[in-house]
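A.B. asks:
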Amino acid sequence: MPYTVAGREHPLGDPGFWAARWSGRMAAAPPEEVNPRLAERSPTLADPLALGPVPAEVVRRWIGEAQVPETWWAVLDGRPLGPAARARRLDALALEAVAPYEGRRVALTLGRTRLRALPTELRGHKTDDEDGFDRLQHTALEPLTPLALLHPSRDGAWWFVQAPDYRGWVRAAELAEAEEPGEVANLLEQAGPVLLSPTAGLDTPCGPTLLQMGSRLPGLRGNMLAYPARREDGRLEWSKARLSGPAELAPAFPPLDAATFFRQALAPLNRPYGWGGLTPDGPGLDCSRFVQDVFKVFGYRLPRDASEQCAATRPAIAFDAGEPHEARARKLAELDAGPAILCMPGHVMLYLGSVDGCHHAVHAFWAY
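Residue numbers (the UniProt record's numbering): 1 to 368.
Written out as structure tokens, the structure reads:
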């Protein structure tokens, strides 16, 4: 059984403890060098505002790739799905109506928004007694996330979109469509602080919403910033939003050093696990979102999924199948620079270091 640390009151939960051990050994290249390489290695990283034209057959392929295995949604909201009901769900994709994307239809999220594998809010499960995981939930998009609007659902209530780090379906009512990409870029390109706190509240024209660590607040003045609202026709109009409650902010992306890295890595301790960024009761963190948020604080744009994070980052060491524990421990001990992401099938962790021969990691997990 792994040794666990309950919280930051434990010495091993103190960021300063780990920062002292890694002082001078954080050797990451700057984001402007790393991000282009990450984008080359990840099929889902993209700039929605500069996506350009996309052929219809590519959009159709992306819609297929965004789906999850049908066994993952054999049950919707507790009700087993028969063949006819399953066919109706797939018919909602309107694949025969997919048109080329011309590169101009873009939108902004109005709040924390769910990105789905299919155009439905119903929770997907493998069995009728499965709890916790909504298998149709890809990720929770942050407020002010730019999106390329690629294809509407048959009823027009959903859009299949390209987000900066994922593709999937979003409710149209949770978006505001801009006249052209430059309207969104004018806001997002403004300087603004970066959220260091695990979460912060934002009062918006649509009601209160949540920001997560690493979010940027472009154009923030005092505690106010320009913010999208949705007209009756779905078009974007500008309003204001207010940062509510306490929030720790950095004026810009801080440099990645040991002290700041371990402070951010340990800041979300004890936040609930949530597949796709959601729990049945509200926001949460899954393993890859946790890793992504930590690096986002410093301006690095990692993919969203664990498998893509592992494929896009450069391996410093690799374990061989069947390799003895002692050999693996020696490889970890020989790491001479950080930060280090630990990868295993379907899961990622951040390596903290070794103490008295015991190796430690911080991660968001469902269960051992």
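Yeah, the Cβ is synthetic: ideal placement off N, Cα and C, and Gly gets one too.
With contact counted as at least three CB pairs below 8 Å, one residue from each stretch, are the segment 88 to 101 and the segment 132 to 139 in contact?
C.D. replies: Taking 8 Å as the limit for Cβ pairs, the verdict is that the segment 132 to 139 does not touch the segment 88 to 101.
A.B. asks: With contact counted as at least three CB pairs below 8 Å, one residue from each stretch, are the segment 24 to 43 and the segment 246 to 266 in contact?
C.D. replies: Cβ pair count under 8 Å is three or more, so yes.
A.B. asks: Going straight from the alpha carbon of TRP22 to that of PRO31, what length do you get?
C.D. replies: Going from the Cα of TRP22 to the Cα of PRO31 covers about 20 Å.
A.B. asks: What are the complete alpha helix (DSSP H) segments, minimum 4 residues, inside the segment 87 to 129?
C.D. replies: Within the segment 87 to 129, no complete alpha helix (DSSP H) run reaches 4 residues.
A.B. asks: What is the DSSP secondary structure of ASP293, reduced to helix, strand or coil?
C.D. replies: Reduced to three states, the DSSP call for ASP293 is helix.
A.B. asks: Tell me, to the nearest whole angstrom, how far the beta carbon of THR109 is from that of PRO143; I am working on the premise that it is less than 8 Å.
C.D. replies: Yes, they are in contact, since the Cβ atoms of THR109 and PRO143 sit about 6 Å apart, within 8 Å.
A.B. asks: What does the alpha-carbon distance come out to for the pair ALA329 and PHE319?
C.D. replies: Whole-angstrom Cα-Cα distance: 10 Å.
A.B. asks: Bridge partners for LYS240 per DSSP, in chain order?
C.D. replies: Note: LYS240 sits in a beta bridge opposite ALA226.
A.B. asks: The alpha helix (DSSP H) spanning LEU150 covers which residue range?
C.D. replies: First-last for LEU150: 146 to 152, but that is the beta strand (DSSP E), not the alpha helix (DSSP H).
A.B. asks: Between TRP169, GLN309 and ALA163, which has its C-alpha nearest ALA157's C-alpha?
C.D. replies: Taking only the C-alpha atoms, the option nearest ALA157 is TRP169.
A.B. asks: Considering only C-alpha positions, which residue in the set ARG167, ALA241 and VAL355 is nearest to MET224?
C.D. replies: Of the listed residues, the one whose Cα sits closest to MET224 is ALA241.
A.B. asks: Ignore the nearest five residues each way along the sequence and tell me which others in VAL106's own chain have a CB closer than 7 Å to its CB.
C.D. replies: Contacts found: PRO48, LEU49, PRO146, LEU147, ALA148, LEU149, ALA178, PRO181 and VAL184.
A.B. asks: How about ALA312 and ARG37: are their beta carbons less than 9 Å apart?
C.D. replies: Yes. Within cutoff.
A.B. asks: Tell me which residue opens and which closes the beta strand (DSSP E) that PRO15 is part of.
C.D. replies: Segment 15 to 22 is the alpha helix (DSSP H) holding PRO15; no beta strand (DSSP E) there.
A.B. asks: Throw me the rounded Cβ distance for the LEU187 and GLN264 pair, which I believe falls under 8 Å.
C.D. replies: Contact flag wrong, Cβ pair sits at about 25 Å.
A.B. asks: Quick check on the DSSP output: the beta strand (DSSP E) that includes PHE160 runs from which residue to which?
C.D. replies: PHE160 -> beta strand (DSSP E) spans 158 to 162.
A.B. asks: So, at 6 Å on beta carbons, what are the nonlocal neighbours of ARG79 in its own chain, with the 5 sequence-adjacent residues on each side left out?
C.D. replies: Cβ within range, chain order: n/a, list empty.
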